[in-house]
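Peer 1: Chains as they are written, first to last, in our numbering: chain A, 1 to 337; chain B, 338 to 674. Cβ coordinates follow ideal geometry from the N, Cα and C atoms, glycine included. Please read all numbers here as calculations on a predicted model, not as lab measurements.
#1: Which residues does DSSP pair with residue 154 (chain A) in a beta bridge?
#2: Measure the C-alpha to C-alpha separation of residue 144 (chain A) and residue 414 (chain B) and round it to an integer number of angstroms.
#3: Determine whether the Cβ of residue 433 (chain B) lies closer than 8 Å to any Cβ atom of chain A.
#4: Say whether chain B places a C-beta atom closer than 8 Å to the C-beta of residue 5 (chain A).
#5: If you measure between the beta carbons of residue 321 (chain A) and residue 71 (chain A), is that distance less than 8 Å?
#6: Closer than 8 Å, CB to CB, is residue 192 (chain A) near chain B or not?
#7: What does the alpha-carbon distance come out to for the pair residue 162 (chain A) and residue 31 (chain A)?
#8: Can you find a CB in chain A that lies within less than 8 Å of the CB of residue 486 (chain B)?
#9: Beta-carbon separation of residue 180 (chain A) and residue 244 (chain A) under 8 Å?
#10: Using DSSP with H/G/I as helix, E/B as strand and the rest coil, what is residue 12 (chain A)?
#11: Just confirm the distance between the C-beta atoms of residue 337 (chain B) and residue 567 (chain B), as a whole number of angstroms; I'd bet it's less than 8 Å.
#12: For residue 313 (chain A), which residues in the same chain have their Cβ closer than 7 Å to its Cβ, ignoring the five residues on either side in sequence?
#13: For residue 203 (chain A), I'd like the list of residues in its chain whose CB is within less than 7 Å of its CB, leaving aside the five on either flank, ordered along the chain.
#14: In angstroms, rounded to a whole number, what distance separates the CA positions of residue 640 (chain B) and residue 628 (chain B)?
#15: Taking CB distances under 8 Å as the criterion, tell me whether residue 535 (chain B) reaches chain A.
#16: Could you check which residue in B:557, B:497 and B:455 has the C-alpha nearest to that of residue 525 (chain B)?
#17: Based on the DSSP output, what are the partners of residue 443 (chain B) in its beta bridges?
#18: Contact criterion: CB-CB distance below 8 Å. Does residue 333 (chain B) meet it with respect to chain A?
#19: Would you say residue 470 (chain B) faces chain A, with C-beta separation under 8 Å as the test?
#20: With DSSP collapsed to three states, give me the class of residue 416 (chain B).
#21: According to the Cβ coordinates, are residue 656 (chain B) and residue 532 (chain B) closer than 8 Å?
#22: Residue 225 (chain A) lies in the alpha helix (DSSP H); which residues open and close that run?
#23: Measure from the alpha carbon of residue 398 (chain B) to the alpha carbon of each residue in B:652, B:638, B:528 and B:442, then state which is nearest.
#24: May I ask you to report which of helix, strand or coil DSSP gives residue 169 (chain A)?
#25: Check for me: the alpha helix (DSSP H) holding residue 192 (chain A) runs from which residue to which?
#26: Here's the rule I'm using: 16 or more other beta-carbon atoms within 10 Å means buried, otherwise exposed. How should residue 593 (chain B) be labelled?
#27: Residue 456 (chain B) versus chain A: which residues are under 7 Å apart at the beta carbon?
#28: In this structure, how does DSSP classify residue 46 (chain A) when only helix, strand and coil are distinguished?
#29: Would a check of beta-carbon distances place residue 389 (chain B) closer than 8 Å to chain A?
#30: Would you be able to state if there are at least three C-beta pairs under 8 Å between the segment 367-386 of chain B and the segment 419-426 of chain B?
#31: Which first and last residues belong to the alpha helix (DSSP H) in which residue 471 (chain B) is found?
#32: Rounding to the nearest angstrom, what Cα-Cα distance links residue 53 (chain A) and residue 426 (chain B) in this structure?
#33: Please classify residue 249 (chain A): does DSSP put it in a helix, a strand, or coil?
#34: Could you say if the segment 433-443 of chain B and the segment 456-473 of chain B meet the contact criterion of at least three C-beta pairs nearer than 8 Å?
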């Protein structure tokens, strides 16, 4: 679906299907592998896996891995496997996150913790993580193990930072940047790095595209913060304002808090520290964030990361794949879920 | 501490210090590496790590890895690192398990979930798991990655099986064996396999000692089941009867349920299915387990695995290390925590 948008630049709204098109057949194979990998002789694991396969995520990370891989030549079987495994890792983090955040809906379906319970979510996440590394080892993808081991380690540090900084409204933008880099950008970067490594081997392309993914990932998480404030719950398949209600640090809030007069900012901080925000209180904080330029500033920062990501593609041949990777950047800025 | 026991065979009670003696210096280095590995620039991670380092576990898995490694020659730096990393993996499972089981004490100290909360436990466990694989990769221990990736995957399957079988009192001994093999024996086996691999490389010794660890691990878990029923809470640093109260399947219970007259067994099953057992109900189930030979049978099975483990050492040179590995088997049968 291509739809004109009213942004500052005249451009078309990119849909996720537009990104998937050049690697659609490969993505179908990823979906088959996912279904195959999910099978296990433990009934409970099978039941949960079937539940999770019913929800079709955007498969954003596998799509990026495959696009990058195809930029360097025909998509290899190793790339298909790696794309599947990156999605397993991503799914593992979602299962743990939903349990931690007590989220009940994800991708329009009830979460594992809501259908089963937190205990089952913890083990299911561990199962998916360990399955990812097990499959890499079984398939001899030891270089991919290296990239993903580094990435998952930084992700867990990011998650811990997020817990540490929750309800800490003195967090500055530097700490925020580190947090979202570890929590979100590192896995998107790893997906691109793996795609590049499997196409070109070690070297310049791997570094450039890893960096492309990192910048894209930063923009992705900042847009996530913005969507939490102004997204449409029906489109997103989950409720909005949940980051604010959970006392999580988001860029729009950081900027609004530092831009507002001290008295106003202090009142908002006190309000959020109290916890248990009802819909009205959440709405008030949303207005505050908008009023003091938080959304605008965050969008500006996201655009900055996006521009840097696009720049990093300059050295590659200008073809459909590169154009689609550029579209992926625009998609991240325009996405509504 | 060597102390005479009144078992069926005249022998001495082996203390954990007796097992550690031949590799004491190496274990000290493991302890230093652990303290070093735990340091992180995220304050929350450091605080939790310091809390966890205060409790000195038995370091049973690192001890086995080092004993096996030394059986094949001088202990290598790779073996020290691997022993440390196996302990990290073990600690990760404890952190997740305690959160899942809502345990409040472990090794005589309050658990992470009781000092902090379940959310923090989930991420701390993820941090420790991913740190383990990160360190293996950083140190180029790719063969150890293979062994540990397979082991952790099976461990997560075992944990899931345990959740599935909780309150299912129709579980037979075969299902129980698979469950404890995945949940417990596989990591003990991996520790021995890694020690052997690093000493001899791939081959016969690796297989024999991996099998030694597997049998030892089976005996270890069966004794854990027995200790849950007849252990001394003060010595163990955690409460007894908790498996029974949680409706977990243990070998003494499986045997008692199949040995008791139908009416008696049914009454116990109904009682346990109801959940929320108070101290009196738990005591009644403990008596039932003893009365119908459950403890005796479980001890007999543990002895069987122990004998097989000892047999597997026959092919190795008869020296202090081999004698200590035999002692490790006796320790598992005699241990009180």
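Peer 2: Based on what the coordinates show:
#1: Residue 154 (chain A) is not bridged to any residue.
#2: Just so you know, the alpha carbons of residue 144 (chain A) and residue 414 (chain B) end up roughly 25 Å apart.
#3: yes
#4: Residue placement at residue 5 (chain A) is poorly supported in this model, since its pLDDT is 48, which falls under 50; the coordinates still yield a value, given next. Not closer than 8 Å to any Cβ of chain B, the Cβ of residue 5 (chain A) fails to qualify, so no.
#5: Here residue 321 (chain A) is near residue 71 (chain A), since their CB atoms are less than 8 Å apart.
#6: Chain B contact via Cβ: absent.
#7: 31 Å
#8: yes
#9: no
#10: strand
#11: A query on residue 337 (chain B) cannot be resolved here, the shown segment of chain B reaching from 338 to 674 and no further.
#12: 212, 322, 325 and 326
#13: Shown here for residue 203 (chain A): not one same chain residue has a beta carbon closer than 7 Å to its own, the five before and five after excluded.
#14: 20 Å
#15: So, not an interface residue.
#16: Looking at the Cα atoms, B:557 is the closest of the given residues.
#17: DSSP lists B:446 as partners of residue 443 (chain B).
#18: No information on residue 333 (chain B) is available, as it lies outside the stretch 338 to 674 that chain B covers here.
#19: Taking CB atoms only, residue 470 (chain B) has a neighbour in chain A less than 8 Å away.
#20: helix
#21: Their beta carbons are not under 8 Å apart, which means residue 656 (chain B) does not touch residue 532 (chain B) by this criterion.
#22: 204-230 is the extent of the alpha helix (DSSP H) around residue 225 (chain A).
#23: B:528
#24: Here residue 169 (chain A) sits in coil by DSSP.
#25: 186-200
#26: buried
#27: Contacts between residue 456 (chain B) and chain A, judged by CB atoms closer than 7 Å, involve 100 and 163 in chain order.
#28: The answer is helix: DSSP assigns residue 46 (chain A) an H, G or I state.
#29: no
#30: Contact annotation: the segment 419-426 of chain B touches the segment 367-386 of chain B, with at least three C-beta pairs closer than 8 Å.
#31: 455-475
#32: Approximately 29 Å between the Cα atoms of the pair.
#33: coil
#34: Taking a contact to require three or more Cβ pairs closer than 8 Å, the segment 433-443 of chain B and the segment 456-473 of chain B qualify as touching.
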